[in-house]
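Asks: Handing you a structure now.
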Amino acid sequence: MGVYVQDTYATHGSHWRENLFYSHFLSLPLFLPLTNTLRRQYTALSATAPLSVPDSLPVLKSANLPSGIAYLLLNSLTQLACITGVNLLSAQASAVTVTIVLNVRKLVSFVASTVLFGHKLSGMMAVGAGLVFGAGALYGWETSYRIPMQKRQRQVKEAKAQ
Numbered sequence: 001m002g003v004y005v006q007d008t009y010a011t012h013g014s015h016w017r018e019n020l021f022y023s024h025f026l027s028l029p030l031f032l033p034l035t036n037t038l039r040r041q042y043t044a045l046s047a048t049a050p051l052s053v054p055d056s057l058p059v060l061k062s063a064n065l066p067s068g069i070a071y072l073l074l075n076s077l078t079q080l081a082c083i084t085g086v087n088l089l090s091a092q093a094s095a096v097t098v099t100i101v102l103n104v105r106k107l108v109s110f111v112a113s114t115v116l117f118g119h120k121l122s123g124m125m126a127v128g129a130g131l132v133f134g135a136g137a138l139y140g141w142e143t144s145y146r147i148p149m150q151k152r153q154r155q156v157k158e159a160k161a162q
């Protein structure tokens, strides 16, 4: 998908907002076969206990929002922030860079959930996490420091040759 988006941006310009809209809008019909399942799941979320809201937020307290719906809305907002960032990044960076950034984001999410939920990190999981982090750091160093430095050195060398 990343290479397809990169090629589309190269051909038609990097209009990330349009890509975000159309990639989501055009996928909506794919949910039609799941209508009954989605309706049942929404009903189950609606039946959850009301969200516990502190007294200092009277506007939210009066909303009497089921906790399942509140968590669904919160999850949707975080997903919107994430996919907006991915589309914005893909408009400005190569598909490889986007893939590396997403892998590092998944690593951070994995480590955070491991720590937050008190899970044990096995030796192989730690090795895998270290490899992903190391590869991301190496790619970042390579693209932001070493390659630009080589270009500058080449330009200086060419300027001296003239």
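Mapped onto UniProt numbering, the consecutive letters of the sequence shown carry residue numbers 1 to 162. Ideal placement from N, C-alpha and C gives every residue a C-beta, glycine not left out.
Is the distance from the Cβ of Ser46 to the Cβ of Pro66 below 8 angstroms?
Replies: Translated into positions along the sequence shown, residue 46 becomes position 46. Translated into positions along the sequence shown, residue 66 becomes position 66. Yes; because the gap between Cβ atoms is below 8 angstroms, this pair is in contact.
Asks: Short check: CB of Ala91 to CB of Trp141, under 8 angstroms?
Replies: Translated into positions along the sequence shown, residue 91 becomes position 91. Translated into positions along the sequence shown, residue 141 becomes position 141. Not in contact: Ala91 and Trp141 (Cβ atoms no closer than 8 angstroms).
Asks: Within 10 angstroms of its Cβ, does Gln41 collect 16 or more other Cβ (buried), or is it exposed?
Replies: By 1-based counting over the sequence shown, the position of residue 41 is 41. The residue is exposed, with fewer than 16 neighbouring Cβ atoms inside 10 Å.
Asks: Pairing CB atoms from the segment 76 to 90 with CB atoms from the segment 16 to 27, are three or more of them under 8 angstroms?
Replies: With the cut-off at 8 angstroms, the segment 76 to 90 and the segment 16 to 27 touch.
Asks: For Pro33, does the three-state DSSP call read helix, strand or coil?
Replies: Taking the first residue of the sequence shown as position 1, residue 33 is located at position 33. If DSSP states are grouped into helix, strand and coil, Pro33 belongs with the helices.
Asks: By how many angstroms is the C-alpha of Leu102 removed from the C-alpha of Lys120?
Replies: To locate residue 120, count along the sequence shown from 1; it is residue 120. To locate residue 102, count along the sequence shown from 1; it is residue 102. Computed Cα separation, rounded: 23 angstroms.
Asks: On the three-state DSSP scale, how would you describe Pro54?
Replies: Looking up residue 54 in the sequence shown gives position 54. Note: Pro54 maps to coil in three-state DSSP.
Asks: Let me confirm a value: Val98 is counted as buried when at least 16 other C-beta atoms fall within 10 Å, else exposed. Which label applies?
Replies: Taking the sequence shown and counting its residues from 1, the one referred to as residue 98 is at position 98. So Val98 counts as buried.
Asks: Is it a yes or a no for the segment 55 to 74 touching the segment 6 to 14, going by three-plus beta-carbon pairs under 8 angstroms?
Replies: No, the segment 55 to 74 is not in contact with the segment 6 to 14.
Asks: Rounded to whole angstroms, how far is the Cβ of Ala129 from the Cβ of Phe110, which I believe are closer than 8 angstroms?
Replies: Locating residue 129 in the sequence shown gives position 129, counting from the first residue. Locating residue 110 in the sequence shown gives position 110, counting from the first residue. Their Cβ separation, rounded to whole angstroms, is 7 angstroms, which keeps Ala129 and Phe110 in contact under 8 angstroms.
Asks: Suppose contacts are defined by Cβ-Cβ distances below 8 angstroms. Is Asn64 in contact with Pro50 by that definition?
Replies: Taking the first residue of the sequence shown as 1, we reach residue 64 at position 64. Taking the first residue of the sequence shown as 1, we reach residue 50 at position 50. Cβ atoms of Asn64 and Pro50: closer than 8 angstroms.
Asks: Any idea which residues DSSP pairs Pro66 with across the strands?
Replies: Here the question's residue 66 lines up with position 66 in the sequence shown. Answer is Pro50.
Asks: Just the Cα atoms here: how many angstroms apart are His100 and Ser144?
Replies: The residue labelled residue 100 in the question sits at position 100 within the sequence shown. The residue labelled residue 144 in the question sits at position 144 within the sequence shown. One detail in the question is off: residue 100 reads as Ile in this sequence, not His. Answer to the nearest angstrom: the Cα atoms are 14 angstroms apart.
Asks: Please state whether DSSP places Gly2 in a helix, a strand or coil.
Replies: Your numbering for residue 2 matches position 2 in the sequence shown. In this structure, Gly2 counts as helix in the three-state DSSP scheme.
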